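With numbering that gives the first Met the number 0 applied, the sequence shown corresponds to residues 0 to 536, in that order.
Heads up, the beta-carbon is just placed ideally off N, CA and C, and yes, glycines get one too.
Treat the numbers as computed from the prediction; the structure is a model and nothing was measured.
A short worksheet on the structure shown next.
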Amino acid sequence: MSASKPTDGILPRQQANLLSELIIAEGSRFQGVVCANRLQGKSDLLRQIRDRLFDAAEGPIPILHSFNNHRTNAIDARYFLASFCNQVRAFLLRREELLDEQSLDLEHEIDRPGMPLSLSELVQTFLALPEDAMLEFAASVPSQFASKEKRPICLLFDDTETLNINSPFLTALKPAIHPWILTGRLSAMKKVAAHCSWSIIPLESFSAQEALLLAEIRCRFHGLKYEPQPWKEWIAIAGASLWPIQQLISAAAVRGQTIDSTKQLGNIYITELSGGTLGNFFADRWQRAVPDRRQRLKASHYMANLSSRGDVAPDSTIVGESIWDGLIAEEWATEAAVRLQFDLSLLERDWLLFSLASDSTSVSKERARARALQAFLYRVLLWQRRLDQQPLAMIRERISELVFQGWPKSTETIDSKIHFPRISSIAMESAGNADLFWCYGFKTQESGDGEIPIVMLIALCLETPSAEIVRIWHRQLLQESHSLALDSSCPSELWTIVPNSSLPASESFERRFSWDEFALFLESGKLPKQVLFPPFN
């Protein structure tokens with residue numbers, strides 16, 4: 000079964016392959032509901048399943064259809080039947096380019112090449128019906144056609160949350176005649192699945208690596224240079240949802256802009272929030288959720304304040320119960336027991352705060368944009384700092400465990416194995432931007448005649464220490480050695496562990512590691528060359 004090609008700008012989904020194979024293998028026994036919040040890729044999943052099933056000519060005929068609650072029943076029935084006829088023809092003729100063609104002219108659809116006689120007869124029956132009977136008949140067409148042609152059908156219904164629970168399309172699914180998958184918004188589809196006792200299929204989210212791959216595919220598809228670093232930062236702070244990535248790249252291509260840096264990506268993001276596809280999407284959802292303008296402004300300010308404080312539970316006296324249904328339907332909130340709970344995504348929070356700032360009479364739109372961009376860049380900077388400091392927790396833990404676990408076993412130089420001291424106790428103290436680990440223990444004498452006591456100081460630094468600070472630590476180490484009357488033939492060791500971008504050691508008595516080098520040493524025993532001189536005693 001073939002997968003989507005990266006050249007078409009689509010990211011192949013492993014879950015689409017798996018579900019397609021299960022549909023072919025299990026036939027009518029395979030039925031399930033995929034539910035998730037907006038922009039998680041439900042429609043993309045169904046489209047890829049349709050494409051996989053289309054490639055498998057001996058499998059079921061895939062029928063992909065999206066519902067719309069703004070149509071009348073009769074028009075909805077026509078849309079479905081026209082889509083059904085077109086996709087059946089495309090499958091039987093093996094012409095993939097016909098899949099997305101659609102015409103509501105069912106009278107002429109009957110005579111088109113490749114139309115099975117049984118389906119033409121069903122369309123003629125449909126056209127003779129009164130409008131109030133069309134929807135129920137259209138919903139029964141897949142089963143009737145499959146029975147007449149002895150050919151399995153697989154229904155892939157999207158946006159199913161727009162259907163009434165008693166819709167003929169849902170009722171027609173209850174006999175296990177053919178395989179099907181429904182998708183729709185999380186809260187509504189959970190209720191449908193529970194009401195009908197249907198299984199829920201979890202939608203597999205994209206990994207960071209898959210989102211990066213999509214960014215690369217889309218950039219190349221639009222003829223843009225691909226730089227991975229800005230997208231790594233975007234995914235780290237905004238998540239791996241594919242729709243925003245696609246919109247940002249499309250916006251850059253339309254405006255003739257590049258995305259070579261974090262600042263360029265931030266500029267495109269803020270521009271999109273201020274009036275591009277992203278901003279219009281959130282604005283439409285917000286207006287549908289709270290149609291009354293005065294209530295909408297009041298709710299906007301309140302939700303922005305909640306978001307800035309990190310709260311999720313609103314005060315029902317401020318956000319009145321009259322607008323709860325709208326907030327839930329448009330997924331600005333979820334219903335938890337007897338109250339609402341807000342769980343806004345980063346993009347939703349940014350849009351809400353930016354919209355309020357832009358509408359303020361005290362702040363110009365240019366200033367609001369500059370503030371929003373600065374907030375975005377600062378968020379990236381905080382992520383970079385957290386990323387840089389990830390090795391620190393492991394380093395602290397491993398140093399503390401030296402008493403019990405000792406040094407890495409495989410530590411070697413080119414010439415001989417290094418014998419580090421046996422650490423018997425450790426004392427830790429904070430010294431500004433560094434943690435000082437005073438390590439006390441014993442070292443085997445070169446002659447092999449027993450052990451001598453030693454002390455060494457390991458300074459784990461959040462920032463690169465100045466040469467003067469290093470000299471102070473060295474003097475403290477010498478004083479500690481002197482107070483313990485340690486053997487001067489075995490000099491005490493000062494190790495400084497500094498951020499990865501730091502300069503080499505500033506003093507001859509200092510052994511300097513970067514965070515990553517020291518983490519690697521503790522894990523594998525591999526020592527960087529620069530710390531081997533002067534030689535270890």
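Would you call residue i buried or exposed, if buried means 16 or more other Cβ atoms sit within 10 Å of its Cβ?
| i | result |
| --- | --- |
| D283 | exposed |
| F520 | buried |
| A193 | exposed |
| I244 | buried |
| R184 | buried |
| S491 | buried |
| I471 | exposed |
| T412 | Confidence at T412 is low in this model, with a pLDDT of 48, below 50, so the placement of that residue should be treated as unreliable; the coordinate-derived value is given next. Flag for T412 reads exposed. |
| Q383 | exposed |
| R385 | exposed |
| D486 | exposed |
| R366 | exposed |
| D414 | Only weak support exists for where D414 lies, its pLDDT of 48 falling under 50; the value from the coordinates is given anyway. Its Cβ having fewer than 16 others within 10 Å, D414 is exposed. |
| T71 | exposed |
| S424 | exposed |
| F79 | buried |
| D324 | exposed |
| K190 | exposed |
| H481 | exposed |
Relative to the C-alpha of residue i, which residue among the options is closest?
| i | options | result |
| --- | --- | --- |
| A504 | P243, I244, P464 | P464 |
| E106 | E95, L98, A81, D99 | A81 |
| P527 | E506, S260, I496 | I496 |
| I62 | S357, D104, V33, F90 | F90 |
| A332 | L352, C460, W285 | W285 |
| G405 | A137, L241, E522 | E522 |
| Q208 | S240, S196, E462 | S240 |
| R12 | A369, S206, S482 | S206 |
| P167 | E135, R150, H177 | E135 |
| G58 | W323, P178, K442, E330 | P178 |
| W197 | L169, K224, A303 | L169 |
| G274 | S357, S480, H418 | S357 |
| S139 | D104, A127, M114, I176 | I176 |
| T124 | F79, A137, Q101, Q444 | A137 |
| E148 | I60, P229, P174, A187 | I60 |
| F29 | L459, A328, R88, P174 | P174 |
| E467 | S480, L483, E506 | E506 |
| Q444 | L459, H418, H481 | H418 |
| H69 | D158, E108, D99 | D158 |
| C195 | L172, P229, D54 | L172 |
Leaving out five residues before and five after residue i in sequence, what residues of the same chain have Cβ atoms less than 6 Å from its Cβ?
| i | result |
| --- | --- |
| N499 | S513, W514, D515 |
| A73 | E130, M133 |
| R295 | V289 |
| S142 | I176 |
| E334 | I327 |
Are residue i and residue j close, meaning C-beta to C-beta below 8 Å?
| i | j | result |
| --- | --- | --- |
| L181 | F220 | no |
| S119 | F144 | no |
| F436 | I453 | no |
| E330 | N36 | yes |
| L247 | W350 | no |
| H300 | L345 | no |
| L223 | I258 | yes |
| L202 | L352 | no |
| V32 | I199 | yes |
| I457 | C489 | no |
| D434 | R397 | no |
| P407 | G524 | yes |
| H473 | F508 | yes |
| M188 | E160 | yes |
Excluding the five sequence neighbours on either side, which residues of its own chain have a C-beta within less than 7 Å of the C-beta of residue i, listed in chain order?
| i | result |
| --- | --- |
| N266 | L372 |
| P390 | W514, D515, A518 |
| G26 | P151, P178 |
| R88 | L97, R111, G113, M114 |
| M393 | A518 |
| A15 | L44, Q47, I48, R51 |
Which stretch, first to last residue, makes up the alpha helix (DSSP H) that contains residue i?
| i | result |
| --- | --- |
| Q30 | Run containing Q30: none in the alpha helix (DSSP H); it sits in the beta strand (DSSP E), 30 to 35. |
| L18 | 13 to 25 |
| R470 | 466 to 482 |
| K147 | 130 to 148 |
| S198 | Neither: S198 is in no alpha helix (DSSP H) and is coded neither H nor E. |
| F79 | 72 to 92 |
| V289 | From DSSP, V289 is part of no alpha helix (DSSP H); its letter is neither H nor E. |
Once you ignore the five residues that flank residue i on each side, which residues in its own chain have a CB closer than 8 Å to its CB?
| i | result |
| --- | --- |
| R93 | A56 |
| L376 | T261, K262, G265 |
| L213 | L10, F205, L241, I244, Q245 |
Determine whether the Cβ of residue i lies closer than 8 Å to any Cβ atom of chain B.
| i | result |
| --- | --- |
| S344 | Looking for chain B here will not work: only one protein chain is present. |
What is the residue span of the beta strand (DSSP E) that residue i lies within?
| i | result |
| --- | --- |
| K442 | 433 to 443 |
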